[in-house]
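Engineer: If you read the protein sequences in the order shown, they are chains A and B. Heads up: the first sequence begins at 1 in this note's numbering, then just goes up one per residue. Heads up: the second sequence begins at 240 in this note's numbering, then just goes up one per residue.
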Amino acid sequence: MSENSQNGFEQWLAETAREFPYPPQPDRSVSPSITHRRLTPRLAAVMVAILLVLGLLLVPPVRATLREWFSIGSVSILIDTTAPTPSATAVPLSNLPNLPGRTTLAEAQAQANFSLAIPDELGPPTAVYLHDGVGQMVTLIWVDRPLLLHVIDQNMILTKIGPQSYSEPVSVNGQAAYWVSGTRQLDLYDQYMEPIEGFRRVVDGPVLIWTNDNVTYRLESDLSPDEAIKLAETFILSP
Amino acid sequence: MIGTAVDLIDRARAGDDRAWQQLIEPLQQDLFRLAYLVLRDPAEAADVQQEALLRAWLKLEQFDSSRPLRPWLMQIALNLARNRRRTLRRAWARVTRLIRSESQPEPAAGLSERAIVREQAQQLWRAVQQLPVKGQTIVYLRYFLDLTEEEAAAVLEIPKGTVKSRTSRALTQLRGIIQRDFVELEADFVGKFPKRL
Numbered sequence: 001m002s003e004n005s006q007n008g009f010e011q012w013l014a015e016t017a018r019e020f021p022y023p024p025q026p027d028r029s030v031s032p033s034i035t036h037r038r039l040t041p042r043l044a045a046v047m048v049a050i051l052l053v054l055g056l057l058l059v060p061p062v063r064a065t066l067r068e069w070f071s072i073g074s075v076s077i078l079i080d081t082t083a084p085t086p087s088a089t090a091v092p093l094s095n096l097p098n099l100p101g102r103t104t105l106a107e108a109q110a111q112a113n114f115s116l117a118i119p120d121e122l123g124p125p126t127a128v129y130l131h132d133g134v135g136q137m138v139t140l141i142w143v144d145r146p147l148l149l150h151v152i153d154q155n156m157i158l159t160k161i162g163p164q165s166y167s168e169p170v171s172v173n174g175q176a177a178y179w180v181s182g183t184r185q186l187d188l189y190d191q192y193m194e195p196i197e198g199f200r201r202v203v204d205g206p207v208l209i210w211t212n213d214n215v216t217y218r219l220e221s222d223l224s225p226d227e228a229i230k231l232a233e234t235f236i237l238s239p
Numbered sequence: 240m241i242g243t244a245v246d247l248i249d250r251a252r253a254g255d256d257r258a259w260q261q262l263i264e265p266l267q268q269d270l271f272r273l274a275y276l277v278l279r280d281p282a283e284a285a286d287v288q289q290e291a292l293l294r295a296w297l298k299l300e301q302f303d304s305s306r307p308l309r310p311w312l313m314q315i316a317l318n319l320a321r322n323r324r325r326t327l328r329r330a331w332a333r334v335t336r337l338i339r340s341e342s343q344p345e346p347a348a349g350l351s352e353r354a355i356v357r358e359q360a361q362q363l364w365r366a367v368q369q370l371p372v373k374g375q376t377i378v379y380l381r382y383f384l385d386l387t388e389e390e391a392a393a394v395l396e397i398p399k400g401t402v403k404s405r406t407s408r409a410l411t412q413l414r415g416i417i418q419r420d421f422v423e424l425e426a427d428f429v430g431k432f433p434k435r436l
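In structure tokens:
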């Protein structure tokens with residue numbers, strides 16, 4: 001573009017951009033102002049630290065008012081405060097859920113574009129499912145434990161959960177992980193936001209989500225956080 | 240209460256609510272607009288604006304009050320918006336936009352001149368979205384938000400010369416995008432600047 005042409009384009013661009021119809025700013029209940037006259041930034045920082053230490057931010061009713069996103073590996077999770085409480089109740093994993101793509105472990109291992117090593121202590125899964133769409137997801141269920149494990153490749157999976165769910169950051173083998181609990185309806189979407197059909201379920205057990213070697217794991221169980229993390233770390237140690 | 244920016248910052252650091260309000264009042268709209276241009280969602284943009292102001296306030300102790308406040312706040316908002324966009328992933332935003340666009344009524348047949356200009360600005364935004372991220376950002380800062388080259392350099396923490404070269408490259412790319420994909424915008428530009436072509 002010549003200098004004259006660029007100047008004209010620049011002028012036109014500025015004039016047109018100036019007319020951009022920005023939407024009205026949504027109201028926010030929390031003012032960005034200093035809400036307490038005697039509260040200084042330093043004092044506020046100290047208070048935030050104290051609150052974190054006391055764990056008050058982890059109290060469910062407090063967290064439930066927050067609208068937030070978090071991502072771990074290829075899984076993004078939206079906590080939607082407007083989502084209704086699921087009307088259905090969760091079906092225990094001991095009743096094998098009816099999921100699509102039932103296959104064998106050997107076939108899933110052959111088809112998956114990631115390593116699917118199962119720790120010996122778990123033994124063979126009761127059921128294996130392979131979703132092979134935009135991305136791949138292998139689902140393994142052990143009904144006797146009971147455990148459900150989604151193993152997800154690098155393609156995005158997004159889940160949207162309701163306000164009755166609570167999340168907290170944890171660590172698996174020194175890596176960031178999340179512990180999610182509370183009753184929620186689980187919907188899975190691929191990276192084009194197409195729902196992964198057949199996986200809609202109500203979940204009320206805790207879930208641990210962690211990553212290893214570009215693969216994301218989502219484990220439903222009735223384990224305590226420590227037990228779940230210990231189990232997750234055996235996956236990392238697996239070849 | 241009137242005061243210089245340095246005075247106001249000192250007073251805000253001491254917990255003076257009115258001083259802080261006075262500092263941020265003229266800047267809030269720009270923060271929201273910048274976040275909206277990046278995130279394309281007013282609710283997300285409002286969240287970013289709030290978080291940027293909160294972070295700025297918490298970091299006020301560390302802020303060099305000899306520097307202008309606007310680029311610093313915009314830098315915080317831009318970083319938050321970019322991070323949030325990465326977290327949200329584009330697909331989710333695409334879906335929400337799709338849902339909203341489907342629920343919005345079609346524009347009336349006889350648009351007023353003002354409405355046409357605003358529609359063109361919307362189209363321009365869509366054209367800018369086809370630029371690489373660095374190009375988008377420089378166009379938003381310089382032309383949508385009217386920042387000077389110095390201010391844009393401060394927001395992006397790059398030399399002024401890089402702002403110039405980045406702007407020039409973005410304009411050339413944007414011109415090509417408009418010529419190729421935005422016939423109405425191209426006609427509007429050609430109509431307004433015929434001799435410069």
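Virtual Cβ for every residue (Gly too), placed ideally from N, Cα, C.
Within 7 Å: the Cβ of G198(A) and any heavy atom of the ligand GTP?
Structural biologist: The ligand GTP is not among the ligands present in this structure, which contains no ligands whatsoever.
Engineer: When the Cα atoms are used, what is the spatial distance from V203(A) to D132(A)?
Structural biologist: As a working mapping, residue 203(A) is identified with position 203 in the first sequence. As a working mapping, residue 132(A) is identified with position 132 in the first sequence. Those two C-alpha atoms are separated by around 23 Å.
Engineer: Starting from Q136(A), follow its DSSP beta bridges and name the residues at the other end.
Structural biologist: Mapped onto the first sequence, residue 136(A) falls at position 136. Note: Q136(A) sits in a beta bridge opposite D132(A).
Engineer: Contact criterion: CB-CB distance below 8 Å. Does A282(B) meet it with respect to chain A?
Structural biologist: Residue 282(B) sits at position 43 when you count from the first residue of the second sequence. With 8 Å as the cut-off, A282(B) counts as an interface residue toward chain A.
Engineer: With a threshold of 8 Å between beta carbons, is W12(A) in contact with chain B?
Structural biologist: Residue numbering aside, residue 12(A) sits at position 12 when the first sequence is read from its first letter. Chain B, which has a Cβ nearer than 8 Å to the Cβ of W12(A), makes this yes.
Engineer: Take the Cβ of P21(A) as the centre, count every other Cβ of all protein chains shown within 10 Å, and call the residue buried at 16 or more, exposed below.
Structural biologist: On the first sequence, residue 21(A) is found 21 positions in, with the first residue counted as 1. Under this definition P21(A) is an exposed residue.
Engineer: Among the residues of its own chain, which have a CB less than 6 Å from the CB of A330(B), if the five just before and after it don't count?
Structural biologist: For the purposes of this step, residue 330(B) is taken as the residue at position 91 of the second sequence. Low per-residue confidence applies at A330(B): pLDDT is 48, beneath 50, and the placement is therefore not dependable, though the value from the model is reported in the following sentence. Result list for A330(B): empty, nothing under 6 Å.
Engineer: Helix, strand or coil for T387(B)? Go by DSSP, reduced to three states.
Structural biologist: Sequence index remark: in the second sequence, residue 387(B) carries index 148 (1-based). In this structure, T387(B) counts as coil in the three-state DSSP scheme.
Engineer: Under the three-state reduction of DSSP, which class applies to Q175(A): helix, strand or coil?
Structural biologist: Within the first sequence, numbered from 1, the residue matching residue 175(A) stands at position 175. In the structure shown, Q175(A) sits in a strand (DSSP, three-state: E or B).
Engineer: Taking DSSP as the reference, what is the three-state secondary structure of Y379(B)?
Structural biologist: Your numbering for residue 379(B) matches position 140 in the second sequence. Looking at Y379(B) - three-state DSSP - the assignment turns out to be helix.
Engineer: Since L363(B) meets chain A, which of its residues come closer than 8 Å, beta carbon to beta carbon?
Structural biologist: Within the second sequence, the letter at position 124 stands for residue 363(B). Correct list: L13, T16, A17, F20.
Engineer: Considering just the uninterrupted stretch of the alpha helix (DSSP H) at L367(B), what are its terminal residues?
Structural biologist: Counting from one through the second sequence, the residue named residue 367(B) turns up at place 128. Reading the sequence as shown, one finds Val at residue 367(B) and not Leu. 352-367 is the span of the alpha helix (DSSP H), which, as asked, contains V367(B).
Engineer: Please list, in chain order, all residues of the same chain as L96(A) whose beta carbon is under 8 Å from its beta carbon, the five residues on each side excluded.
Structural biologist: Position 96 of the first sequence holds residue 96(A). These residues qualify, in order along the chain: T126, A127, I141, V143.
Engineer: When you compare only the Cα positions, how much space is there between S221(A) and P281(B)?
Structural biologist: Looking up residue 221(A) in the first sequence gives position 221. Looking up residue 281(B) in the second sequence gives position 42. Their Cα atoms are separated by approximately 38 Å.
Engineer: Whether or not the segment 360-367 of chain B and the segment 252-267 of chain B are in contact is what I'm after, with contact meaning three or more pairs of Cβ atoms, one per stretch, closer than 8 Å; do they touch?
Structural biologist: Contact fails: fewer than three Cβ-Cβ distances are below 8 Å.
Engineer: Please name the residue in P371(B), L384(B), D427(B), P398(B) whose C-alpha comes closest to that of Q214(B).
Structural biologist: Since the first residue of chain B shown is 240 and the last is 436, residue 214(B) is not available in this structure.
Engineer: Could you tell me the alpha carbon to alpha carbon distance between A291(B) and A316(B), rounded to whole angstroms?
Structural biologist: Against the second sequence, residue 291(B) aligns to sequence position 52. Against the second sequence, residue 316(B) aligns to sequence position 77. Cα to Cα, A291(B) sits roughly 5 Å from A316(B).
Engineer: Going straight from the alpha carbon of K399(B) to that of L293(B), what length do you get?
Structural biologist: For the purposes of this step, residue 399(B) is taken as the residue at position 160 of the second sequence. For the purposes of this step, residue 293(B) is taken as the residue at position 54 of the second sequence. One C-alpha to the other measures close to 29 Å.
Engineer: Whole angstroms are fine: how far does the CA of V402(B) sit from the CA of L219(A)?
Structural biologist: The count along the first sequence starts at 1 and reaches residue 219(A) at position 219. The count along the second sequence starts at 1 and reaches residue 402(B) at position 163. Taking the straight line joining both Cα atoms gives about 47 Å.
Engineer: Considering just the uninterrupted stretch of the beta strand (DSSP E) at V202(A), what are its terminal residues?
Structural biologist: Mapped onto the first sequence, residue 202(A) falls at position 202. 201-203 is the extent of the beta strand (DSSP E) around V202(A).
Engineer: Starting from the C-beta of L370(B), find all residues in its chain whose C-beta is less than 8 Å away, skip the five residues before and the five after it, and write them out in chain order.
Structural biologist: The residue you call residue 370(B) lines up with position 131 of the second sequence. So the list reads V378, A409, Q412, L413, I416, once near-sequence residues are dropped.
Engineer: What residue range does the beta strand (DSSP E) around S115(A) cover?
Structural biologist: Sequence index remark: in the first sequence, residue 115(A) carries index 115 (1-based). Premise fails: S115(A) is in no beta strand (DSSP E) and is neither H nor E.
Engineer: Quick test of the definition: if touching needs 3 or more C-beta pairs under 8 Å, does the segment 383-391 of chain B touch the segment 296-315 of chain B?
Structural biologist: These segments touch.
Engineer: So Q359(B) contacts chain A; which residues on that side make the cut at Cβ distance below 8 Å?
Structural biologist: Here residue 359(B) corresponds to residue number 120 of the second sequence, with the count starting at 1. By Cβ distance, chain A contributes T16, E19.
Engineer: Determine the direct distance from the alpha carbon of D286(B) to that of R257(B), and round the result to whole angstroms.
Structural biologist: On the second sequence, residue 257(B) is found 18 positions in, with the first residue counted as 1. On the second sequence, residue 286(B) is found 47 positions in, with the first residue counted as 1. Looking at the two C-alpha atoms, the distance is approximately 22 Å.
Engineer: Note the first and the last residue of the continuous beta strand (DSSP E) segment covering T211(A).
Structural biologist: The residue you call residue 211(A) lines up with position 211 of the first sequence. Run containing T211(A): 207-212, per the beta strand (DSSP E) assignment.
Engineer: Is the beta carbon of P23(A) less than 8 Å from the beta carbon of Y382(B)?
Structural biologist: Against the first sequence, residue 23(A) aligns to sequence position 23. Against the second sequence, residue 382(B) aligns to sequence position 143. No, Cβ-Cβ distance for P23(A) and Y382(B) is not below 8 Å.
Engineer: Which residues share a DSSP beta bridge with A127(A)?
Structural biologist: As a position in the first sequence, residue 127(A) is number 127, starting the count at 1. According to DSSP, A127(A) bridges with I141(A).
Engineer: Determine the closest residue to Y129(A) out of D120(A), L116(A), P26(A), S181(A), with distance taken between C-alpha atoms.
Structural biologist: One-based indexing of the first sequence puts residue 129(A) at position 129. Comparing Cα positions, the closest option is L116(A).
Engineer: Kindly indicate which residue of L188(A), G174(A), P206(A), I236(A) has the alpha-carbon position closest to the one of I198(A).
Structural biologist: On the first sequence, residue 198(A) is found 198 positions in, with the first residue counted as 1. It is Gly, not Ile, that sits at residue 198(A) in the sequence shown. Here the closest residue by C-alpha is L188(A).
Engineer: Name the residues in the segment 411-431 of chain B whose C-beta lies less than 7 Å from a C-beta of chain A; which are they?
Structural biologist: Under the 7 Å Cβ criterion, the segment 411-431 of chain B contributes T411, R414, F428, K431.
Engineer: Based on Cα-Cα distance, which residue from Q25(A), V138(A), A14(A) lies nearest to L99(A)?
Structural biologist: The residue given as residue 99(A) occupies position 99 in the first sequence. For the residues Q25(A), V138(A), A14(A), the minimum Cα distance to L99(A) belongs to V138(A).
Engineer: Excluding sequence positions up to five away, which residues of its chain have a Cβ less than 8 Å from the Cβ of V245(B)?
Structural biologist: Within the second sequence, residue 245(B) is the residue found at index 6, counting from 1. Taken in chain order, the residues that qualify are S304, S305.
Engineer: Just grab the DSSP bridge partners of Y218(B) for me.
Structural biologist: What is shown of chain B runs 240 to 436, which leaves residue 218(B) out entirely.
Engineer: When the Cα of G8(A) is compared with those of S407(B), I248(B), D420(B), I355(B), which residue comes out closest?
Structural biologist: Stepping through the first sequence from its first residue, residue 8(A) is reached at position 8. With distances taken between Cα atoms, G8(A) lies closest to S407(B).
Engineer: Which same chain residues end up closer than 6 Å to D420(B) when comparing Cβ atoms and leaving out the 5 residues on each side of it in sequence?
Structural biologist: Taking the second sequence and counting its residues from 1, one reaches residue 420(B) at position 181. Correct list: empty, nothing qualifies.
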